[in-house]
Amino acid sequence: MIDSVNTASTSQRNQTKRVVENDFNSEWENHLIIRFPPEIANKVKDYLNEDVHHISQTKMNINFNQNLRSGTLTFGKYDMDFTLYDLPCVSEVMKTIDKKTIYKVADISQIIICSPPGERKKLAKSDGNNKGQDKYEWPHGICPPMRFAQRKRFRKIKRKKYMDASDVERELKRLLRSDLDSVNVKWEVVSIDEMERTDNETLQELKIGINEGNTQQTLNDDFDYGLFLSDSENEDN
Numbered sequence: 001m002i003d004s005v006n007t008a009s010t011s012q013r014n015q016t017k018r019v020v021e022n023d024f025n026s027e028w029e030n031h032l033i034i035r036f037p038p039e040i041a042n043k044v045k046d047y048l049n050e051d052v053h054h055i056s057q058t059k060m061n062i063n064f065n066q067n068l069r070s071g072t073l074t075f076g077k078y079d080m081d082f083t084l085y086d087l088p089c090v091s092e093v094m095k096t097i098d099k100k101t102i103y104k105v106a107d108i109s110q111i112i113i114c115s116p117p118g119e120r121k122k123l124a125k126s127d128g129n130n131k132g133q134d135k136y137e138w139p140h141g142i143c144p145p146m147r148f149a150q151r152k153r154f155r156k157i158k159r160k161k162y163m164d165a166s167d168v169e170r171e172l173k174r175l176l177r178s179d180l181d182s183v184n185v186k187w188e189v190v191s192i193d194e195m196e197r198t199d200n201e202t203l204q205e206l207k208i209g210i211n212e213g214n215t216q217q218t219l220n221d222d223f224d225y226g227l228f229l230s231d232s233e234n235e236d237n
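Take the sequence shown: its position 198, counting from 1, is numbered 198 in full-length UniProt numbering, and each next residue is one higher.
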């Protein structure tokens, strides 16, 4: 929010007083990429290159649906359905005035894909899980080398199971209710370092016990083998 500072002077104390007012009418500058069908792209390019003073009556309007992922884009007499996708990577937008100094304007992470005029898309219902989120992920980058970038360049990660806030609250209430119904409740705070130290000590004791058992078994085998040889020698004598 941009704050405008107004200065007013009081004649009695000759002091300045600053009044901070919020400018609620300020417009935010957001950037994204709009990909038009080939037959509309050239017309949009000519429309943007026209002189400001001789601008035509062609207007462009964007109306989003309630899910904020789809909507209708109107360009002149053409009505096109679109879907807003998330790009696999973030692209920096630069601009220059004198072709020497480059200024960063914004970061682009989303793209609007418009369908040809007259082609209606069926709105997919979001099921509220990871699959509903994956359908709005665009698999390609902006330039041709980034085609199928999400599949070729990024390794797969293990996704955590998504739980809605209502499910978490329901599970918490169930656990608290079970604590109230229980006869005796015990709790203990255990440090992670202590747990790792205890596990290591248990593992070392287990290894020592296995080694001692193997040594004792070897000694017993040698002793039995020696007795067997001594008995054979006594029989021969």
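Don't be surprised by glycine CBs; every beta carbon is placed ideally from N, CA and C. What you are looking at is a predicted structure, and each value in this text was computed from that prediction instead of being measured.
Status (buried if at least 16 other CB within 10 Å, exposed otherwise) for residue i
i	result
residue 103	exposed
residue 71	buried
residue 175	exposed
residue 89	exposed
residue 73	buried
residue 143	exposed
residue 195	exposed
Which residues DSSP lists as bridging residue i, in chain order
i	result
residue 84	112
residue 71	64 and 82
residue 95	103
residue 33	111
Closest by C-alpha distance to residue i, when choosing among the options
i	options	result
residue 96	170, 88, 78 and 105	105
residue 68	82, 197, 173 and 119	82
residue 78	92, 64, 168 and 44	44
residue 107	198, 91 and 202	91
residue 37	63, 50, 62 and 112	112
residue 39	197, 117 and 153	117
residue 190	170, 198 and 35	198
Residue i and residue j closer than 7 Å at C-beta
i	j	result
residue 86	residue 136	yes
residue 75	residue 60	yes
Other residues of its chain near residue i: CB distance less than 6 Å, five sequence neighbours each side excluded
i	result
residue 165	none
Chain-order list of residues whose beta-carbon lies under 7 Å from that of residue i (same chain, five-residue window excluded)
i	result
residue 148	139 and 140
residue 63	71 and 72
Same chain, Cβ closer than 8 Å to residue i, five either side skipped, listed in chain order
i	result
residue 110	32, 33, 84, 85, 86 and 87
Contact test: residue i Cβ vs the ligand PLP heavy atom, cutoff 6 Å
i	result
residue 63	As presented, the structure is devoid of all ligands, the ligand PLP included, so that no description of it is given.
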